[in-house]
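A.B. asks:
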Amino acid sequence: MDRRETWDRFYAQQDGATTHFDWFFSYEVVSGILLWALETPSPALAPTRVLDVGCGTSDLGLGLYRDCPRPVHVCCVDTSPVAIRALRQLLRTAPPPQRALSRLRLGIADGTALGATRGGRAGSVFHLVLDKGTCDALLRCPRGPGRAERLVRECLRVLRPGGCLLQFSDEDPDARIPFLERAGGAGSVAVQEVRGHYYAYALRKPGSEGPAAEAPRVQPGAEGGVAGSAGPQWSC
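Residue numbers (the UniProt record's numbering): 1 to 236.
1) Under the rule that 16 or more other beta-carbon atoms within 10 Å means buried, what is ALA215, buried or exposed?
2) Grab me the residues of TYR65's own chain with a C-beta within less than 7 Å of its C-beta, minus the 5 sequence neighbours each way, in chain order.
3) Determine the contact status of GLY111 and VAL191, defining contact as a CB-CB distance below 8 Å.
4) Rounded to the nearest angstrom, what separates VAL194 and GLN89 at their Cα positions?
5) Can you check DSSP and say which residues form a bridge with ILE177?
6) Beta carbon of LEU180, beta carbon of LEU166: below 8 Å?
7) Does DSSP put ALA46 in a helix, in a strand, or in coil?
8) Grab the span of the alpha helix (DSSP H) containing GLY63 for me, first residue to last.
9) Please report the straight-line C-alpha distance between TYR27 and LEU62, rounded to a whole angstrom.
10) Please state whether DSSP places ASP78 in a helix, a strand or coil.
11) Use the C-beta contact count for THR117: other C-beta atoms within 10 angstroms, 16 or more gives buried, fewer gives exposed.
12) Mind checking LEU35: buried by the 16 CB within 10 Å criterion, or exposed?
13) What number of angstroms, rounded off, separates the C-alpha of PHE168 from the C-alpha of ALA137?
14) Specify the secondary structure class of ALA148 as computed by DSSP and reduced to three states.
15) Between which two residues does the beta strand (DSSP E) holding VAL129 run?
16) Which residue or residues does DSSP assign as beta-bridge partners of HIS73?
17) Considering only residues of the same chain and omitting the five flanking positions on each side of ARG157, which have a CB-CB separation below 8 Å?
18) Using C-beta distances below 6 Å, list every residue in its chain close to VAL152, excluding the 5 sequence neighbours before and after it, in chain order.
19) Do you know how far the Cα of ARG70 is from the Cα of CYS174?
20) In chain order, what residues of the same chain have a beta carbon less than 8 Å from the beta carbon of THR134, not counting five sequence neighbours either side?
21) Note down the Cα distance separating LEU128 from VAL77, rounded to an integer number of angstroms.
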């Protein structure tokens, strides 16, 4: 599952699909977590920059672009050009964003070497990097652990100081947290359970921007929406 040809074949089988394909769950399930992560990462008038790495045809990036109450620049990248073409087709009927200054871009990139992004950005420019199942796919391959560690390091490299890497996974915290601590170097990992079967892992890049990994509490089971000013319930 770490080969581009495998994903090209997978997404070619969905040619002409009229709905997004999402691993684990759709955007709506974790919209509250995502919007919390974007609350205060950049100056009030500057756009928040988000990278969705290994996006496939997921609606994760589209949901943020559509719903974020502040200007947001979302860059969705995948190693498979077939997936990017399919996602571009789906976006033709996407609703407009809340903010006219918001932007949504698609690009072809290997998450383990983001400097090669076409249509994306390199350098420490992103406030938030999203990974929903990409690291999991690498870890399940023969060469997986080494490539998965490179993925984490690259995600942290393109983050601004204080930026957040947010991974969604079905891997138990007993395994994922030590992996992220080892691959990420500095910084603590916060975790929140999602729907009882999945987990959100937040790894903050050292620096002064952005909120702390810990956040105010919400009622149990409220992963998909944030009530009032409360944020997701994290454990560290």
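Using N, Cα and C, we set each Cβ at its ideal position, and we do this for glycine too. This structure is a prediction, so every number in the text was calculated from the model and none was measured.
C.D. replies: So, to answer that:
1) Within the sequence shown, numbered from 1, the residue matching residue 215 stands at position 215. Confidence at ALA215 is low in this model, with a pLDDT of 34, below 50, so the placement of that residue is unreliable and no value is reported for it.
2) If you number the sequence shown from 1, residue 65 lands on position 65. Once the five neighbours on either side are set aside, the close Cβ partners of TYR65 are VAL72, VAL74, PRO97, SER102, LEU104.
3) As a first step, residue 111 must be located in the sequence shown, where it is residue number 111. As a first step, residue 191 must be located in the sequence shown, where it is residue number 191. Going by C-beta atoms, GLY111 is not nearer than 8 Å to VAL191.
4) Residue 194 sits at position 194 when you count from the first residue of the sequence shown. Residue 89 sits at position 89 when you count from the first residue of the sequence shown. When rounded, the distance between both Cα atoms is 30 Å.
5) Here residue 177 is taken as the residue at index 177 of the sequence shown, counted from 1. According to DSSP, which records beta bridges pairwise, ILE177 is partnered with nothing at all.
6) Translated into the one-based positions of the sequence shown, residue 180 becomes position 180. Translated into the one-based positions of the sequence shown, residue 166 becomes position 166. No, the pair does not count as a contact, with Cβ atoms beyond the cut-off.
7) The residue given as residue 46 occupies position 46 in the sequence shown. DSSP places ALA46 in coil when its eight states are reduced to three.
8) If you number the sequence shown from 1, residue 63 lands on position 63. For GLY63, the uninterrupted alpha helix (DSSP H) run begins and ends at 60-67, by DSSP.
9) Here residue 27 refers to the residue found at position 27 of the sequence shown. Here residue 62 refers to the residue found at position 62 of the sequence shown. Distance between the alpha carbons of TYR27 and LEU62 is about 9 Å.
10) For the purposes of this step, residue 78 is identified with residue 78 of the sequence shown, where counting begins at 1. Three-state result, ASP78: strand.
11) On the sequence shown, residue 117 is found 117 positions in, with the first residue counted as 1. Since pLDDT at THR117 reaches only 46, below the 50 mark, its modelled position is unreliable, and the value read off the structure follows with that caveat. The residue in question, THR117, is buried, as its Cβ has 16 or more Cβ neighbours within 10 Å.
12) What you label residue 35 is simply residue 35 of the sequence shown in a count that begins at 1. The residue in question, LEU35, is buried, as its Cβ has 16 or more Cβ neighbours within 10 Å.
13) Along the sequence shown, read from residue 1 onward, the residue named residue 168 stands at position 168. Along the sequence shown, read from residue 1 onward, the residue named residue 137 stands at position 137. Those two C-alpha atoms are separated by around 12 Å.
14) Translated into positions along the sequence shown, residue 148 becomes position 148. DSSP places ALA148 in helix when its eight states are reduced to three.
15) Within the sequence shown, the letter at position 129 stands for residue 129. Its beta strand (DSSP E) spans residues 126-132.
16) What you label residue 73 is simply residue 73 of the sequence shown in a count that begins at 1. Paired residue(s): ARG49, ARG103.
17) What you label residue 157 is simply residue 157 of the sequence shown in a count that begins at 1. These residues qualify, in order along the chain: LEU114, SER124.
18) Reading the sequence shown from its first residue, position 152 is the one you call residue 152. So the qualifying residues of the chain are ALA183, GLY184.
19) Along the sequence shown, read from residue 1 onward, the residue named residue 174 stands at position 174. Along the sequence shown, read from residue 1 onward, the residue named residue 70 stands at position 70. Reading the sequence as shown, one finds Asp at residue 174 and not Cys. The straight-line gap from Cα to Cα measures roughly 36 Å.
20) For the purposes of this step, residue 134 is identified with residue 134 of the sequence shown, where counting begins at 1. In the same chain as THR134, and ignoring 5 residues on each side of it, the C-beta atoms closer than 8 Å to its own belong to VAL53, GLY54, GLY111, LEU151, in chain order.
21) For the purposes of this step, residue 128 is identified with residue 128 of the sequence shown, where counting begins at 1. For the purposes of this step, residue 77 is identified with residue 77 of the sequence shown, where counting begins at 1. Approximately 14 Å between the Cα atoms of the pair.
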